[in-house]
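Asks: Structure in structure tokens, see below.
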Amino acid sequence: MSIEIKKHIRNVPDFPKKGIMFRDITTLLKNPNSFQLAFEQLYAQTNGLMIDKVVGIESRGFIFGAMLAEHLNAGFVPMRKPGKLPAETEKEFYDLEYGKDSIEIHKDAIRPGEKVLIHDDLLATGGTAKAAINLVEKLGGEVVCILFLVELSFLNGREKLQGYNVKSLVDYTSE
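In structure tokens form, the structure reads like this:
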């Protein structure tokens, strides 16, 4: 875990609803030194991995996901909320604590056998990440790593991702 990165993440109580402590990475992103450090530490987590595509989950997963793709000489694939992608898509639903949501990927974004890194800013309950895995595998891709900037380990999101190579830089063990 990176203490240096953690100190640049702002805690916002009662957002988006009462009782939630939101971990805001915009304070990390606006500081060039912490932004660079976070990227370098994320990139270091990919050492030794062969990656053809980096999937970034909307929207904060796009920030470091695109940077990782460029440094890995891999393609970047945005995974988006419904109705945002212009061509034919695959969709996967997942549970939220207060309902359901879904994400989509272009059907031609990943070819069978391609090695895929999935990146998002935060691992909470694991629903979004598991949906992303399902979509990548539905298209024939092989998920070689799921990489997060922040993990809320007290929500047990890793349980949904058992059997996968899951990495995070900053861990919050309690709210």
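Note that the sequence shown covers residues 45 to 219 in our numbering. All residues carry an ideal CB built from backbone N, CA and C; glycine is no exception.
#1: According to DSSP, simplified to helix, strand and coil, what is Thr71?
#2: Nearest-angstrom Cα distance between Met111 and Phe66?
#3: Does the Cβ-Cβ distance between Leu86 and Leu213 come in under 8 Å?
#4: Report the three-state DSSP secondary structure of Tyr208 (helix, strand or coil).
#5: Within a Cβ cutoff of 6 Å, which residues of the same chain sit near Tyr216, ignoring the five residues on either side of it in sequence?
#6: Over what stretch of residues does the beta strand (DSSP E) that includes Ile149 continue unbroken?
#7: Among residues of its own chain, excluding the 5 on either side of Lys61, which ones have a beta-carbon nearer than 6 Å to its beta-carbon?
#8: Assess, as a yes-or-no matter, whether the segment 134 to 150 is touched by the segment 76 to 92 under the definition of 3 or more beta carbon pairs within less than 8 Å.
#9: Please go through the same chain and pick out, in chain order, the residues whose beta-carbon is closer than 7 Å to the beta-carbon of Glu136, but skip the five residues on each side of it.
#10: According to DSSP, simplified to helix, strand and coil, what is Thr90?
Replies: So, from the data block:
#1: Three-state result, Thr71: helix.
#2: 24 Å
#3: yes
#4: coil
#5: Leu196
#6: Gly143 to His150
#7: none
#8: No: the two stretches stay apart, fewer than three of their Cβ pairs being nearer than 8 Å.
#9: Excluding sequence neighbours, Glu136 sits near Ser146, Ile147, Ala175, Asn178 and Leu179.
#10: coil
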